[in-house]
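Q:
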Amino acid sequence: MKSIRIALAIAMAAAAGLAAGILIASEKGKRTRRKISEAGLDLIEDLQQRCQDALEELKGKAQKEYDNIAQRCQCGSTCQKSDL
Numbered sequence: 149m150k151s152i153r154i155a156l157a158i159a160m161a162a163a164a165g166l167a168a169g170i171l172i173a174s175e176k177g178k179r180t181r182r183k184i185s186e187a188g189l190d191l192i193e194d195l196q197q198r199c200q201d202a203l204e205e206l207k208g209k210a211q212k213e214y215d216n217i218a219q220r221c222q223c224g225s226t227c228q229k230s231d232l
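Each residue of the sequence shown is one higher than the one before, starting from 149 at the first, in our numbering.
Structural data, given as structure tokens:
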């Protein structure tokens, strides 16, 4: 979760910097708005990919922990505490 927060903060800072840079640039309003829109879409795609990657990582960790717990449950009374 900490890495997601850091990635989100970096993405937000980058978006703010990009928007400020585009707004300061001397171009026509329509072109500036298009650039901001495109940058926003790119940012959304990047965040979606990062979230998807984090979710896949979390799923893998959850499955690994589930398998570990299931193995401990199957061990049952035949195992000693030292085996766990």
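Just so you know, even glycine gets a beta-carbon here, dropped at the ideal spot from N, CA and C.
Remember, it's a predicted structure, so these values are computed and weren't measured experimentally.
CB residue 159 to CB residue 194, shorter than 8 Å?
A: Translated into the one-based positions of the sequence shown, residue 159 becomes position 11. Translated into the one-based positions of the sequence shown, residue 194 becomes position 46. Yes, they are a contact pair.
Q: Measure the CB-CB distance between residue 189 and residue 180 and report whether it falls below 8 Å.
A: Locating residue 189 in the sequence shown gives position 41, counting from the first residue. Locating residue 180 in the sequence shown gives position 32, counting from the first residue. Taking 8 Å as the Cβ cut-off, residue 189 and residue 180 do not qualify as a contacting pair.
Q: Looking only at C-alpha atoms, which of 206, 161, 211 sits nearest to residue 150?
A: As a position in the sequence shown, residue 150 is number 2, starting the count at 1. Nearest C-alpha to residue 150: 206.
Q: Measure the alpha-carbon distance for residue 152 versus residue 220 and round it to whole angstroms.
A: Counting from one through the sequence shown, the residue named residue 152 turns up at place 4. Counting from one through the sequence shown, the residue named residue 220 turns up at place 72. Distance between the alpha carbons of residue 152 and residue 220 is about 31 Å.
Q: DSSP three-state label for residue 212, please.
A: The residue given as residue 212 occupies position 64 in the sequence shown. Three-state result, residue 212: helix.
Q: When DSSP labels each residue in this structure, what does residue 176 get in the three-state scheme?
A: Indexing the sequence shown from 1 puts residue 176 at position 28. Reduced to three states, the DSSP call for residue 176 is coil.
Q: Taking 6 Å as the limit between beta carbons, can you name the residues of its chain near residue 232, skipping five residues before and five after?
A: Within the sequence shown, numbered from 1, the residue matching residue 232 stands at position 84. Note that residue 232 has pLDDT 49, beneath the 50 cutoff, so the model's placement of it is unreliable and the number below is only indicative. 220.
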